[in-house]
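Have a look at the structure below, then the notes.
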Amino acid sequence: MIRPPNDMLGLLPPEAIQRHRIVPLALEGTTLQIGVVETPTATLLRDLAFLTGKTIVPVKVDRAEIDAFLEEHVSGVPEGIAPMRDVVRGIEVRDYEAGHQTPTAEVRILLQGSVVQQVNTLIERAITKQASDIHIEPYEASYRVRFRLDGVLNTTAEISLLQRDALISRLKIMASLDIAEKRRPQDGRIRYQHAGRTIDLRVSSLPTDFGEKLVLRLLDKSHLKLELGALGFEAADLHTFREAIHQPYGIILVSGPTGSGKTTTLYAALNELNTDAVNITTIEDPIEYNLPGINQTHVRADIGFTFAQALRAFLRQDPNIIMVGEIRDRETAEIAIRAALTGHLVLSTIHTNDAPSTITRLIEMGVEPFLVASSLRLAVAQRLVRCICVRCREEAEPDPALLQALPLHDGGPVYRGRGCAACQGTGYQGRTALFEVLPVSAMTAELIVQRVPIHALRQQAREEGLPSLRMAAIKKMQTGITTPEEVLRETSL
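Below is the structure:
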């Protein structure tokens, strides 16, 4: 009869052993051999590899031997109880106490499973792959796990419904969220130790039709680029940006969608400005990274501590430079602009599609055009595109259909990544930023006061030599940094 070593029995969840009739046979390095009666599906192999962190190699064994193993090691346990105990063992009482919650008697009975190991494996795998986000999404028959790698979501595994409650509860406990509250969105934070460094994870829960969806954003300070020259600025744009941030007063706005690197750009600017001679204060929602020498505070909507209220308090703290996480409403915009007009340098973000739209967005919020024209020094639009993997980059035959959509392409070579172990077969590794940098010239300020439509502002920007995001992307494509597909995915005409 099959008799695997005792230390191997814990490698596979009892639920998987019983449902799929498999058994661990041998472990050699990172390769785990499993005994199977029928050829397993690719999905099963992927899930087992995810849970164990091993390369799974199936080996055909006799059905009678599997039956005997299951009878000895799995039988006698009511259906559903073994899997539930397996996935909740390891949730320790002190975790609840840290979150100011008291575990129920039922939870205390079930404190004997491997959910901690599964959660740790999930986070460790995301960190190793340098994922920026983990999405745990509920569906009718399963939970899907996806990692966002270089800005693109990839399915990593599926979680059984039997694991759902324990896994979600474990993550909510780690983030100090209320595990009993499943009807309202919640936000929390996890500090995770990995390889001698601390990784911050921002946790957001959202109720859906089939359960709670969790999104974990990984904030790894070791990968934070705080040098402006390393972000992807073209030389002329970098000079313009640096010139603006070294002015004693005025407002600088960076626009773009969520996840486009706006906060990183502002952090890099603050890092360059951070000296003993200046007082820098930030208000963020939430604080993504702690910057030494800078006074950082975060929004507390539950007690009425908003961006606007924080800005008012900052102005009594004798600041030289203020960073506002985001301008969302008229009140915040007006206080930020008035701060810029009274001798402060203000940096912030705003959600618009391009740099000229930043101007019209402020006016739409209700800010007077003359205030915008007087205070706004620079508007920057930003996007992120994936970089071609340098280890497998090669010249490729351009797709005529793609090039037709890129009329500014000069007919030069196009590059792609072949796919290798370093880029996990994707052909991409890392991302770089695209920038549209619009300084507010005297002519632009005059147009702002006249309340001209957005197309007139764009036309003036082009006449002054401002390249669009599409043009910036094509330039990176022509130099072999990115691909035509990335240009079309992240930019528009």
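Here the sequence shown is numbered in the numbering used here, starting from 19 and rising by one per residue. Glycine included, C-beta positions come from ideal geometry on N, C-alpha and C. Because the structure is a prediction, the values reported are computed rather than measured.
Determine the direct distance from the alpha carbon of L232 to that of A34, and round the result to whole angstroms.
24 Å
Measuring CA to CA, which of S223, G279, R488 and P266 is closest to L246?
G279
Cα separation between D347 and V133?
43 Å
Work out the CA separation of K190 and A82 for me, nearest whole Å.
43 Å
Which full runs of the alpha helix (DSSP H) of 4+ residues lie inside the region 174-236, going along the chain?
179-192
Which class does E158 belong to by DSSP, given the choice of helix, strand or coil?
coil
DSSP beta-bridge partners for V272?
T367 and V398
Compare the C-alpha of R434 against each of Q442, T509 and I499 and name the closest.
I499
In whole angstroms, what is the alpha-carbon distance linking Q148 and L167?
7 Å
Residue span of the alpha helix (DSSP H) that contains H316, given as start and end
Not the alpha helix (DSSP H): H316 falls in the beta strand (DSSP E), residues N313 to H316.
Nearest to Y267 by alpha carbon, out of R401, N172 and L291?
L291
Could you have a look at L380 and say whether DSSP puts it in helix, strand or coil?
helix
Does the count of Cβ pairs from the region 308-322 and the region 286-300 closer than 8 Å reach three?
yes
Mind listing, in chain order, the continuous alpha helix (DSSP H) runs of no fewer than 4 residues lying wholly within the region 52-97?
60-70 and 81-91
Among Q400, A391, C438 and L420, whose alpha-carbon lies nearest the alpha-carbon of C410?
C438
Close beta carbons around E344, own chain, < 6 Å, minus the five adjacent residues each side
T367
Looking at V398 and V467, is the spacing between their C-beta atoms short of 7 Å?
no
If you compare alpha carbons, which of A86, G47, I74 and T49 is closest to R39?
A86
Candidates V54, T370 and Y446: which alpha carbon is nearest A44's?
V54
Spatial neighbours of A414 in its chain, beta-carbon cut-off 7 Å, leaving aside the 5 residues before and after
V432, Y433 and R434
Going by beta-carbon coordinates alone, are N395 and A286 separated by less than 7 Å?
Reading off the sequence shown, one finds Arg at residue 395, where the question assumed Asn. No. Outside cutoff.
So, is F388 buried or exposed, given that buried needs 16 or more other C-beta atoms within 10 angstroms?
exposed
Nearest to P76 (by Cα), restricted to the options P42, E90, E46 and L88:
P42
Rounded to whole angstroms, what is the Cα-Cα separation between I197 and E230?
11 Å
Just verifying my parser: in three-state terms, what is the DSSP assignment at R507?
helix
For F453, list the residues DSSP reports as bridge partners.
Q400
Would you give the residue range spanned by the alpha helix (DSSP H) that T299 belongs to?
Note, T299: premise wrong, no alpha helix (DSSP H); beta strand (DSSP E) at I298 to E302.
Report all residues from its chain with a CB closer than 8 Å to the CB of R3; omit the five preceding and five following residues, and keep chain order.
Residue 3 is absent from the model: the chain starts at 19 and stops at 511.
Pull up the distance between the alpha-carbon of T283 and that of T49, whole angstroms please.
42 Å
List the endpoints of the continuous alpha helix (DSSP H) containing I340.
Unbroken run through I340 is the beta strand (DSSP E), I339 to V342; no alpha helix (DSSP H).
Under 6 Å Cβ to Cβ from G277, same chain only, skipping five residues before and after it: list those, please.
none
Enumerate in chain order the residues of its own chain whose CB-to-CB distance from Q478 is below 7 Å, with the five nearest sequence positions on each side excluded.
M461, T462 and L465
In DSSP terms, what L50 is bridged to
L45 and I74
Using a 10 Å radius around the Cβ and a threshold of 16 neighbouring Cβ atoms, would you call D151 buried or exposed?
buried
Just reading off the beta strand (DSSP E) that V458 is part of, what are its end residues?
It is not in any beta strand (DSSP E) - V458 carries neither H nor E in the DSSP assignment.
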